[in-house]
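Worksheet: one structure, shown below.
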Amino acid sequence: MGENIPLLSSRGLEFQSTFSLPKDIFRNRLTWSCCEICNSLGFCIWLLLWLPLTVWWGMSSTSTYSFFIALVLLFLGLIILPPIQILCRKYTLSNHLTQLSKEIIKSTPGAFSDDWDTVALHFNSYLYENNAWNTGQFFFNGTDCQEAFRKTILEPVVLRRENEGARFTSFEVSVFHIEKAVQVYFTKVHEQWKLIHTEKECSATGLENVKLPKETYRCKLAWSFQRIRFSYYPVESLSDLVDIYLYAQFSSLCLVSYCLVDILFRVVEDFQNIRPKSMKVEDKMQYLSDIISEQGAPTERWDKIARKTNRWLFEKRVWKNEEFFFDGTDCQVFFKRNFSTLLFSKISVPSRSLNVELWQYIQEAQSASTDEPLV
1400 MGENIPLLSS RGLEFQSTFS LPKDIFRNRL TWSCCEICNS LGFCIWLLLW
1450 LPLTVWWGMS STSTYSFFIA LVLLFLGLII LPPIQILCRK YTLSNHLTQL
1500 SKEIIKSTPG AFSDDWDTVA LHFNSYLYEN NAWNTGQFFF NGTDCQEAFR
1550 KTILEPVVLR RENEGARFTS FEVSVFHIEK AVQVYFTKVH EQWKLIHTEK
1600 ECSATGLENV KLPKETYRCK LAWSFQRIRF SYYPVESLSD LVDIYLYAQF
1650 SSLCLVSYCL VDILFRVVED FQNIRPKSMK VEDKMQYLSD IISEQGAPTE
1700 RWDKIARKTN RWLFEKRVWK NEEFFFDGTD CQVFFKRNFS TLLFSKISVP
1750 SRSLNVELWQ YIQEAQSAST DEPLV
């Protein structure tokens, strides 16, 4: 079967020449999300229900019932509309995976997120032109487009190849364009890997001035709390409400103790998930390349890798300072937790990327560290 990739119409070309990606239009992701929700069908339905009740309450000043209903609808809208928007985005994307694959075949993007800006722009234009999305701002940037491809196409295809018994209902892997897009992506990633591994972008020069956090902080706990992005929501489910009610029945001390323990567990879990999610594919490739290339005694080796990665992520503005890793041991544990344990995994995890395009390089890095004990 040959490649039959449709060209954009004159309207699509005009759209691309006039508009840009949302990252170049909006101040931040929050304003873009609010704009997308306001342009959704769900928001229009909610507004048609809420406005009449508000007008009714304004006309009948003695009625508290209408005010209560309007307040409830306002509260429900703020809670329900964002999840509905997420579900609509997933549904729209699952119905246009073939078109996304065609855009990937045309643009041949790889591990570098900047390569995906063109794919995101073309795909946004296609959805808007074909009335599949209300705006031309489906993907915020190329990174979002890349992650969508990795989760909805790349991982299912690779896992299907590794596990023939798995079933994926979102699409059939025999579709030509989807298989071709995966092949194009793997080819480009391998080319970029050779470029990174042969021409080191982060050399060892100047690293003697890079201090590890273990040399600055008194203990790792102080560094951890310094780096934690605090995001605590004491009530996230019905079970949380039940727990809070039960502890409140005993005493206020029990309730405060429960909340403090809950905060501790949540912030630690949040911190563990922030670091791998902040790294793009190109950053992970650089990290793996450093693990493979670095020589020396285990302790000194991992300290050097930690310094290189800290400097690299700071220069690339992935992390706001040179304190991504506390020391070499933290760097080694990070590799085991987020790379080695997921090597050739047959189970897709929604909250974590399997890095299937990096399996070959993870195995090389693992082989380079086989004789080293994990502290």
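Take the sequence shown: its position 282, counted from the start at 1, is 1681 in the working numbering, and no numbers get skipped. Just so you know, even glycine gets a beta-carbon here, dropped at the ideal spot from N, CA and C. Owing to the predicted nature of the structure, the values given are computational and were not obtained by experimental measurement.
With a threshold of 16 other CB atoms inside 10 Å of the CB of residue i, please say whether the residue is buried or exposed.
| i | result |
| --- | --- |
| Ile-1504 | buried |
| Phe-1724 | buried |
| Ile-1746 | exposed |
| Tyr-1525 | buried |
| Tyr-1350 | The structure shown has nothing for residue 1350, since the chain only spans 1400 to 1774. |
| Val-1471 | exposed |
| Arg-1617 | exposed |
| Phe-1738 | buried |
| Thr-1769 | exposed |
| Leu-1447 | exposed |
| Val-1755 | buried |
| Ser-1569 | Low confidence applies here, because Ser-1569 scores a pLDDT of 47, under 50, leaving its location unreliable; read the following figure in that light. Exposed. |
| Thr-1708 | buried |
| Asn-1720 | exposed |
| Leu-1450 | exposed |
| Ala-1420 | Note that residue 1420 is Leu in the sequence shown here, rather than Ala. It is buried - the Cβ of Leu-1420 has at least 16 other Cβ atoms within 10 Å. |
| Ser-1752 | buried |
| Phe-1537 | buried |
| Leu-1491 | Reading off the sequence, residue 1491 comes out as Thr, not Leu. The residue in question, Thr-1491, is exposed, as its Cβ has fewer than 16 Cβ neighbours within 10 Å. |
Using C-beta distances below 7 angstroms, list every residue in its chain close to residue i, excluding the 5 sequence neighbours before and after it, in chain order.
| i | result |
| --- | --- |
| Leu-1687 | Leu-1757, Tyr-1760, Ile-1761, Ala-1764 |
| Thr-1517 | Ser-1506 |
| Leu-1712 | Asp-1682, Trp-1718, Phe-1723 |
| Phe-1442 | Ile-1436, Leu-1480 |
| Ala-1767 | Ile-1690, Ile-1691 |
Identify whether residue i lies in helix, strand or coil by the three-state DSSP scheme.
| i | result |
| --- | --- |
| Arg-1751 | strand |
| Asn-1737 | helix |
| Arg-1617 | coil |
| Arg-1426 | coil |
| Lys-1715 | coil |
| Thr-1534 | coil |
| Phe-1725 | coil |
| Gly-1509 | coil |
| Met-1684 | helix |
| Ser-1500 | helix |
| Leu-1611 | coil |
| Gln-1731 | helix |
| Ser-1439 | coil |
| Ile-1444 | helix |
| Lys-1676 | helix |
| Glu-1693 | coil |
| Ser-1432 | helix |
| Ser-1419 | coil |
| Ile-1746 | coil |
| Tyr-1632 | In this prediction, Tyr-1632 scores a pLDDT of 43, lower than 50, which makes its location untrustworthy; the coordinate-derived value is nonetheless stated afterwards. In this structure, Tyr-1632 counts as coil in the three-state DSSP scheme. |
| Asn-1709 | helix |
Tell me which same chain residues have a C-beta within less than 8 angstroms of the C-beta of residue i, skipping the five on either side of it?
| i | result |
| --- | --- |
| Ser-1439 | Leu-1480, Ile-1483, Gln-1484, Cys-1487, Asn-1533 |
| Asn-1494 | Ala-1531 |
| Glu-1590 | Gly-1509 |
| Trp-1592 | Ala-1510, Met-1684, Ser-1688, Tyr-1760 |
| Ser-1512 | Asn-1540, Gly-1541, Thr-1542, Gln-1545, Lys-1679, Val-1680, Glu-1681 |
Suppose the cutoff is 6 angstroms on Cβ atoms and the five residues either side in sequence are ignored; what does the same chain contact list for residue i look like?
| i | result |
| --- | --- |
| Val-1474 | Going by the sequence as given, residue 1474 is Phe instead of Val. Once the five neighbours on either side are set aside, Phe-1474 has no close Cβ partner at all. |
| Asp-1543 | none |
| Phe-1425 | Trp-1431 |
| Leu-1742 | Ile-1761 |
| His-1521 | Glu-1502 |
| Lys-1703 | Glu-1693 |
| Ser-1500 | His-1576, Ile-1577, Ala-1580 |
Output the boundary residues of the alpha helix (DSSP H) element that contains residue i.
| i | result |
| --- | --- |
| Leu-1541 | The sequence shown places Gly at residue 1541, not Leu. Per DSSP, Gly-1541 belongs to the alpha helix (DSSP H) from 1541-1548. |
| His-1596 | 1575-1597 |
| Leu-1526 | 1515-1528 |
| Ala-1764 | 1758-1767 |
| Pro-1555 | 1554-1561 |
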